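For the sequence shown, the numbering used here gives the first residue as 1407, with consecutive numbering after it. Note that beta-carbon positions come from the ideal geometry of N, C-alpha and C, so glycine has one too. On a predicted model such as this, the values are computed, not experimentally measured, just so you know. Before any comments, here is the structure.
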Amino acid sequence: LRDTGEFRSEELESNYQKYLKRKKRENKTPRDRLDWKEVREYHMERSNMARGNKFNKSIISRDLYKYHEVHLKNGYRLDSYNKVTLSDGTEKWEIISRKATDLDKIKMETFEGYLKEFEVTKGGKYKVGTEIRSNKYKNELDGKKLEGEYILEIPKTNESLPNIKDFEDIAKKYNVTLRFTEE
């Protein structure tokens, strides 16, 4: 902090000022600067959400799939959508949802919730037949319907779990394939 009590970083100070305005508008008591900074750093760097964002950015930066963050007409956003050519020359699509999670640290209900997102939860967030509504891929995908195989992409560290076969078997019941990818 500067002698004035403000953050030395102009960006950090600007973000804190926006936070103060929001709290005032909401008629809520704001955190002091250092407490706010600590909470902000946790959410941006160490939380599960931060891990998920890093995993997603890592996949995008490695250019593993053609389409990322595909908006759907139902209001949801699909992590990745990919067309693959099989050895016999035929093509198929992959509907990919990504979760940066450690399967041995979550409840089975949580895992099944991830699987249900494809077809069950809220009418099927990523269900085959859902219309794509994407300005980002307007000429290529907009107006088309999702088709293909459901893939739940999770960190590669899960692949070596002693009970990973149990998770794969449960995923099959929901017509979902687990894909293990380096973070």
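| Taking the alpha-carbon positions, what's the Y1611 to R1408 distance? | Nothing about residue 1611 can be read from this structure; the chain reaches only from 1407 to 1589.
| query | How far does the beta strand (DSSP E) with Y1556 in it reach, from first residue to last? | reply | E1555 to P1561
| said: Taking the straight line between their C-alpha atoms, what separation do you get for E1412 and I1512? | reply: 40 Å
| request: Identify which residue in D1575, P1568, I1501 and E1497 has its Cα closest to the Cα of E1537. | output: I1501
| task | Assuming L1584 and R1539 form a contact by the criterion Cβ under 8 Å, report the distance between their Cβ atoms to the nearest whole angstrom. | result | Contact doesn't hold; Cβ gap of about 28 Å is too wide.
| task | Please list, in chain order, all residues of the same chain as L1418 whose beta carbon is under 8 Å from its beta carbon, the five residues on each side excluded. | result | K1443
| request: Answer yes or no: do K1562 and F1586 have a C-beta to C-beta separation smaller than 8 Å? | output: Contact flag set, yes.
| Hey, is M1514 close to the ligand NAP, as in C-beta under 7 Å from one of its heavy atoms? | Among the components modelled here there is no ligand, and therefore nothing to report on the ligand NAP.
| task | Just mark L1552 as buried or exposed, buried being the case when its beta carbon has 16 or more other beta carbons within 10 Å. | result | Using a 10 angstroms sphere on the CB of L1552, the tally of other CB atoms reaches 16 or more, which defines it as buried.
| request: Inspect the beta-carbon positions of L1484 and V1476 and report whether they are closer than 8 Å. | output: The Cβ atoms of L1484 and V1476 lie closer than 8 Å to each other.
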